[in-house]
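Enquirer:
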Amino acid sequence: MAHSVAKAGPYYSSGQISFSSLRTNFRAAQPRDAYSGSESSLTDNNPIKVSDLLRTVDENNTDPIVPNATENSNITTSSNWKTSQFRNSIKFYYIQHSGTDTNVDIDSQSWNSNLPLNVRKIYFVDGTQGSNSPGSPASTVNSKSINLTIDVSGSIFGASGKGGGTSGAPSISGGTGGDALNADLGSSSKNVVIKLRNGGKIYAGGGGGEKGQTGSNGGSKQCEDRYTASNCGGCPGCAGGYSNDGGCWQGSACGRRTVCNWWGNCWQEDDRWNKYQNCRRTFTILGGSGGAGGNGGPGRGYDNQGGSLGGVVGSSGSSGSNCNTSGGGSSGAGANGENGADGGEWGNSGGDTTNTGSGGSPGRAIFGSNYTVTGANSSTVKGSYNP
């Protein structure tokens, strides 16, 4: 990761240590306003005493003259004070982040064990910190921290929520957007300030859009099939699945017999006739299947800073079927699937469809406890945070 460490100090690696220089370096000194700058000093012409230059370990002191720091461990807190104890001492501690990194663990940076001590510390976010996974914040600071300022002139971006129906998302509802900054510091932390500068950004990921509803199936169709059965000599039956549709009627002759009288005269007579019967069957064919609903669109996030938020167009419904019989017609076509809803912008929920789920909730810009936020407005923070 692109992190750099700087200190106000170390002072007095060699040479004389004067009270006037101690006054300038410790009582009058003010922290850098930017990582690339240098410490400023208040106007201070008042005398300085040894009692002013004892190391302060009180965690409630927000601006100790001589802070408690790993580098200052040789400086006494009460008696036996000596100027030589200030060799390699410091007043402030700085870490700068530049470039682009994901899932930054602020706690694990090179603090030299100073994070829980009262030396004033500034963590400058000048680059971009992000996350590609909604389940992992872009940045995290959750260890005991005293007198820590997180100074943001760069960007901290949560991950985008996944669209409903896409890989890693619920089958219908949009996925929740990712959190930007986890500052769950606990009750032992004190005086932690998240400072946003003009142009700084702490943005929660937008929620994913809901998957569209499946289109309705087309209407079914009752089909009819008829034919006329015939038989020579008697009423015919109907084929399996068909039923008689009306009475049997007689048609033309279909058989003859020879008839003779007493005198031996013979002739032909009709003795059988064709019989006919109407046969009928009905059956139902289903309508075409409705088209699948389109997947929801992804929310805005570190992994979707400029891409589309649009949901996917629903699939077309399938055509109906033909009866293919003498009593023809066809069933209805299936309706097209509903388009997936759009994903949400930074810090906003994903859109809803008429489906049974919902758009995804946004992530949180900052969450946790025991911190304050300065410089927050609609441009610097998008998403919820504890003021």
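All residue numbers for the sequence shown refer to this note's numbering, where the first residue is 41 and numbers rise by one. For each residue, glycine too, the CB sits at the ideal point set by N, CA and C. Remember, predicted model here, so these are calculated numbers, not experimental data.
1) How many Å lie between N238 and S119 at the Cα?
2) Using the Cα positions of A209 and G327, report the straight-line distance between them to the nearest angstrom.
3) So does the stretch 167-175 actually touch the stretch 73-88, counting three or more Cβ pairs closer than 8 Å?
4) If you drop the 5 nearest sequence neighbours on each side, which residues of the same chain put their C-beta closer than 8 Å to that of S292?
5) Helix, strand or coil: how does DSSP classify V90 here?
6) Considering only the alpha carbon of each residue, which of Q169, D191, G217, G367 lies closest to T140?
7) If you measure between the beta carbons of G333 and G252, is that distance less than 7 Å?
8) In the DSSP output, what is K161 paired with across the bridge?
9) In the DSSP assignment, what residue or residues form a beta bridge with F197?
10) T102 and N231 - do their beta-carbons sit closer together than 7 Å?
11) Is the beta carbon of S200 sitting closer than 7 Å to the one on P338?
12) Please determine, among Y243, G214, V181, the residue with the shortest C-alpha to C-alpha distance to G387.
13) Distance, Cα to Cα, S61 vs P104?
14) Using a Cβ-Cβ cutoff of less than 7 Å, which residues in the same chain neighbour G330 once the five nearest sequence positions on both sides are dropped?
15) Pull up the distance between the alpha-carbon of G287 and that of G281, whole angstroms please.
16) Looking at C-alpha atoms only, which residue of P107, K202, S53 is the closest neighbour of G215?
17) Can you tell me which of A42, S227, F197 puts its alpha carbon nearest to the alpha carbon of N182?
18) DSSP puts D145 in a beta bridge; with which residues?
19) Determine the DSSP secondary structure at T298, reduced to helix, strand or coil.
20) Please specify which runs of the beta strand (DSSP E), each continuous and at least 3 residues long, are wholly inside the stretch 300-370, giving them in chain order.
21) Report buried or exposed for E309, applying the criterion of at least 16 other Cβ atoms within 10 angstroms of its Cβ.
22) Can you tell me which of the three DSSP states Q56 falls into?
23) Do G346 and G247 come within 7 Å of each other at the CB atom, strictly closer than that value?
24) Going by DSSP, what residue range makes up the beta strand (DSSP E) through I406?
25) Using a 10 Å radius around the Cβ and a threshold of 16 neighbouring Cβ atoms, would you call S124 buried or exposed?
26) Buried or exposed: which applies to C300, given that a residue is buried once 16 or more other Cβ atoms fall within 10 Å of its Cβ?
27) For the candidate residues K235, G217, P276, whose alpha-carbon lies nearest to that of S195?
28) Which one or two residues does DSSP pair with S80 in a beta bridge?
29) V45: beta carbon under 6 Å from a heavy atom of the ligand NAP?
30) Does the stretch 125-135 touch the stretch 41-48, meaning 3 or more C-beta pairs lie closer than 8 Å?
31) Within 10 angstroms of the Cβ of P402, are there 16 or more other Cβ atoms? Answer buried if so, exposed if not.
32) Comparing C-alpha positions only, which one of T142, S260, D265 sits nearest to G372?
Expert: In this structure, then:
1) In a straight line, the C-alpha of N238 is about 46 Å away from that of S119.
2) Rounded to whole angstroms, A209 to G327 spans 31 Å at the Cα level.
3) At 8 Å Cβ cutoff, the stretches do not touch.
4) Cβ neighbours of S292 beyond the five flanking positions: W313, N314.
5) It is helical.
6) Considering only alpha carbons, the answer is Q169.
7) Taking the C-beta atoms as reference points, G252 is found nearer than 7 Å to G333.
8) Looking at the DSSP assignment, K161 forms a beta bridge with Y133, L188.
9) Under DSSP, F197 shares a beta bridge with G170, Y243.
10) In this structure, the beta-carbon distance from N231 to T102 falls below 7 Å.
11) Cβ atoms of S200 and P338: closer than 7 Å.
12) It is Y243 whose Cα lies nearest to the Cα of G387.
13) Answer to the nearest angstrom: the Cα atoms are 17 Å apart.
14) Cβ neighbours of G330 beyond the five flanking positions: T254, G255, S256, N257, G357, G374, A375, G377.
15) Here the C-alpha atom of G287 lies approximately 18 Å from the C-alpha atom of G281.
16) Of the listed residues, the one whose Cα sits closest to G215 is K202.
17) Residue S227 is the option with its Cα nearest to N182.
18) The partner list for D145 (beta bridge, DSSP) reads T180.
19) T298: strand per DSSP, three-state reduction.
20) Runs of the beta strand (DSSP E) inside the stretch 300-370: 306-325.
21) Exposure of E309 is indicated by the presence of fewer than 16 other C-beta atoms within 10 angstroms of its C-beta.
22) When DSSP states are grouped into helix, strand and coil, Q56 belongs to the coil group.
23) Taking 7 Å as the Cβ cut-off, G247 and G346 do not qualify as a contacting pair.
24) Start and end: 406-409.
25) S124 should be labelled exposed.
26) Around the beta-carbon of C300, fewer than 16 other beta-carbon atoms lie within 10 Å, marking it exposed.
27) It is K235.
28) Q70, per the DSSP bridge assignment.
29) Only the bare structure without any ligand can be found here, which leaves the ligand NAP out of the picture.
30) Judged by Cβ distances under 8 Å, the stretch 41-48 makes contact with the stretch 125-135, as three or more pairs qualify.
31) Burial call: buried.
32) The residue among T142, S260, D265 with its C-alpha nearest the C-alpha of G372 is S260.
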